[in-house]
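Mapped onto the working numbering, the consecutive letters of the sequence shown carry residue numbers 66 to 425.
Have a look at the structure below before the remarks.
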Amino acid sequence: MESISFMKKIQISSFLDYNREQHTLYMDASEVARRMLIREQDGVDISVLKCMDGRVNYSIFTNQPFGIVYPYKTIGGQFQTGSHFGEIHKNSVAKSWSKGRPCLIIVTYHWSKGDPSHRGCKGFDCKVDDARKYTENLAKQIDVMFGKNHAMAYPIQIGMETDHDALVLHGINGQTLDLSEVQHADSMSVLNSIRELYPDMSERMLACLLRQCMGNIAHIAEIKLAGRPVADIEHKETVLGIGRGYDWYHKPNSALIVGPYTYDLKAPTATAASIILGNIQAGRVSAEEGCALIASGNYRDEGPDKVWAAMKALQLLDDAIEVIREQVPELLSYLDSAAGILNEHTREFTIVRKEDAWLN
Ligand SMILES: [Zn+2]
Numbered sequence: 066m067e068s069i070s071f072m073k074k075i076q077i078s079s080f081l082d083y084n085r086e087q088h089t090l091y092m093d094a095s096e097v098a099r100r101m102l103i104r105e106q107d108g109v110d111i112s113v114l115k116c117m118d119g120r121v122n123y124s125i126f127t128n129q130p131f132g133i134v135y136p137y138k139t140i141g142g143q144f145q146t147g148s149h150f151g152e153i154h155k156n157s158v159a160k161s162w163s164k165g166r167p168c169l170i171i172v173t174y175h176w177s178k179g180d181p182s183h184r185g186c187k188g189f190d191c192k193v194d195d196a197r198k199y200t201e202n203l204a205k206q207i208d209v210m211f212g213k214n215h216a217m218a219y220p221i222q223i224g225m226e227t228d229h230d231a232l233v234l235h236g237i238n239g240q241t242l243d244l245s246e247v248q249h250a251d252s253m254s255v256l257n258s259i260r261e262l263y264p265d266m267s268e269r270m271l272a273c274l275l276r277q278c279m280g281n282i283a284h285i286a287e288i289k290l291a292g293r294p295v296a297d298i299e300h301k302e303t304v305l306g307i308g309r310g311y312d313w314y315h316k317p318n319s320a321l322i323v324g325p326y327t328y329d330l331k332a333p334t335a336t337a338a339s340i341i342l343g344n345i346q347a348g349r350v351s352a353e354e355g356c357a358l359i360a361s362g363n364y365r366d367e368g369p370d371k372v373w374a375a376m377k378a379l380q381l382l383d384d385a386i387e388v389i390r391e392q393v394p395e396l397l398s399y400l401d402s403a404a405g406i407l408n409e410h411t412r413e414f415t416i417v418r419k420e421d422a423w424l425n
């Protein structure tokens, strides 16, 4: 028993070690300059709505550093505009707009070409047509919210195919562009293709989308060359992250993230916990090494903002443990847990505890 408990601690400490690495990278002068240059050239802010699935990482798919796109994650990418998500997202788009930056909103679903009925999205019972329909409707709802003239925001639907990490763009008139099948990968032909999909998109936004498409085409070529084994495209997550502030976490297929975007987090938390238990039971990950439950709150300012982030993380952790105890109790013996706060300026994650002096 002692050795299992020791190994469980390793999961949390490797999460913290990885954050230290990513925080150092994020603050490196050349990385800061690289991000500033991309953001300056884009003149557009990007939000990506996606599934909590660990295989679905838009920044990796598109070969761009973290900190450029703002990810929103929930099970199946099943966001609702009338929920808490709608409020957070609306405020974020308004903030970008007030700085003269329109928003490209990427609404995603995912599936597997090689084994659609097993390696697809658990949020939709691997039914890709349902996932397509849901996200098509979500993009339409967002369109209604920010205006169909697309001045403030332009929502587009994109499919993420997880065997080859390929994007499929859905145009506004029903056409699609599968980036794994692009014959002429020169930027002018790709630009022409995406202009056909979104004829009313501004030149500035088209250039931003083109940069991401070219990144994806290069990434698909790398994946094909590497010949990734099937074992790496099945679920292998060992970290269950609840809350916001995980965009620095870039290890593919190792964490399931449940964002706080619905009023009731019980169902997505239980689904994520059962996927991780399934990974252990199927032997895809080591039972001895266990898994980590992390709850995170993000903050920008010292004072109430930071204190509230800590209180939120602690609350989210208590609630998640309660759900797991009720619905997936078998996972508890493999689980170690921690709450923490993420500084948005530095992407540094710091553990918080109820007994910490600054919270009492
Ligand atoms: Zn999914």
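We put the beta carbon where it would ideally sit given N, CA and C, even for glycine.
### Message
Taking the alpha-carbon of MET279 as reference, which of GLY236, LEU232, GLN206 and SER398 has the nearest alpha-carbon?
### Response
LEU232
### Query
At which residue ranges does the stretch 331-400 contain complete alpha helix (DSSP H) runs of 4 or more residues, listed in the order of the chain?
331-346 and 369-392
### Message
Strictly closer than 6 Å from CB to any heavy atom of ligand 1: give me those residues in the order they appear in the chain.
### Response
Answer in sequence order: CYS116, ASP118, GLY141, HIS175, CYS186, LYS187 and GLY188.
### Query
Can you tell which of HIS229, GLN277 and ARG197 has its C-alpha closest to the C-alpha of GLY239?
ARG197
### Query
If we ignore side chains and look at the alpha-carbon of each, how far apart do VAL388 and LEU381 end up?
Rounded to the nearest angstrom, the two C-alpha atoms are 11 Å apart.
### Query
Is any beta-carbon of chain D found at less than 8 Å from that of MET376?
Among the protein chains of the structure shown there is no chain D, as only one such chain exists.
### Query
Should the stretch 195-209 be regarded as contacting the stretch 141-155, the criterion being three or more beta carbon pairs within less than 8 Å?
yes
#### Entry: Three-state class that DSSP yields for CYS116 in the structure shown
strand
### Query
If you pair each beta-carbon of the stretch 172-186 with each one of the stretch 219-237, do three or more pairs fall below 8 Å?
yes
### Query
In the DSSP assignment, what residue or residues form a beta bridge with TYR326?
In the DSSP output, where bridge partners are listed per residue, TYR326 has none listed.
### Message
Closer than 8 Å is the cut-off here; do at least three beta carbon pairs connect the stretch 327-336 with the stretch 95-111?
### Response
no
### Query
Along the chain, where does the beta strand (DSSP E) that runs through ALA218 open and close?
Taken as a continuous stretch (DSSP letters only), the beta strand (DSSP E) holding ALA218 covers 218-226.
### Task
In the DSSP assignment, find the alpha helix (DSSP H) that holds GLU96 and state where it starts and stops.
94-107
### GLN76 versus ILE359: straight-line alpha-carbon distance, rounded
10 Å
### Query
For VAL113, which residues from the same chain have a beta carbon less than 6 Å from its beta carbon, with the 5 sequence-adjacent residues on both sides left out?
Only TYR123, VAL134, PRO136 and ILE171 meet the Cβ criterion.
### Assigned exposure category for ASP110 - 16 Cβ within 10 Å defines buried
buried
#### Entry: Inter-residue Cα distance where the pair is ASP383 and PRO264
Whole-angstrom Cα-Cα distance: 48 Å.
### PRO294 and ARG120 closer than 8 Å at C-beta
no
### Query
If you draw a straight line from the alpha carbon of LEU256 to that of MET210, how long is it in whole angstroms?
27 Å
### Task
Have a look at the DSSP bridge pairing and note the partners of SER434.
No statement about residue 434 is possible, as the shown extent of the chain runs from 66 to 425 and does not include it.
#### Entry: Three-state secondary structure assigned by DSSP to PHE150
helix
### Task
Measure the alpha-carbon distance for THR241 versus ILE207 and round it to whole angstroms.
Computed Cα separation, rounded: 20 Å.
### Query
Do LYS178 and ASP228 have their CB atoms nearer than 8 Å?
yes
### Task
State buried or exposed for ALA291, treating a residue as buried only when at least 16 other CB atoms are found within 10 Å of its CB.
Result: exposed.
### Task
Measure from the alpha carbon of GLU261 to the alpha carbon of each residue in ALA286, ILE285 and LEU234, then state which is nearest.
LEU234
#### Entry: CB-CB length for ALA385 against ILE307, believed under 8 Å
5 Å
### Message
Measuring straight from C-alpha to C-alpha, what distance separates LYS138 and ASN425?
### Response
32 Å
### Message
Considering just the uninterrupted stretch of the alpha helix (DSSP H) at PHE189, what are its terminal residues?
### Response
From DSSP, PHE189 is part of no alpha helix (DSSP H); its letter is neither H nor E.
### Query
Secondary structure at PHE211, three-state DSSP: helix, strand or coil?
helix
### Message
Between which two residues does the alpha helix (DSSP H) holding VAL247 run?
### Response
Here VAL247 belongs to no alpha helix (DSSP H), and DSSP marks it neither H nor E.
### Query
What are the partner residues of HIS175, as DSSP defines its beta bridges?
As DSSP reads the structure, HIS175 sits in a beta bridge with MET225.
### Task
Report yes if the C-beta distance between HIS284 and ASN128 is below 8 Å; otherwise report no.
yes
#### Entry: Beta-bridge pairing of LYS138 - partner residues as DSSP gives them
According to DSSP, LYS138 shares a beta bridge with LYS115.
### Query
Quick one: Cα of GLU353 to Cα of HIS249, how far?
48 Å
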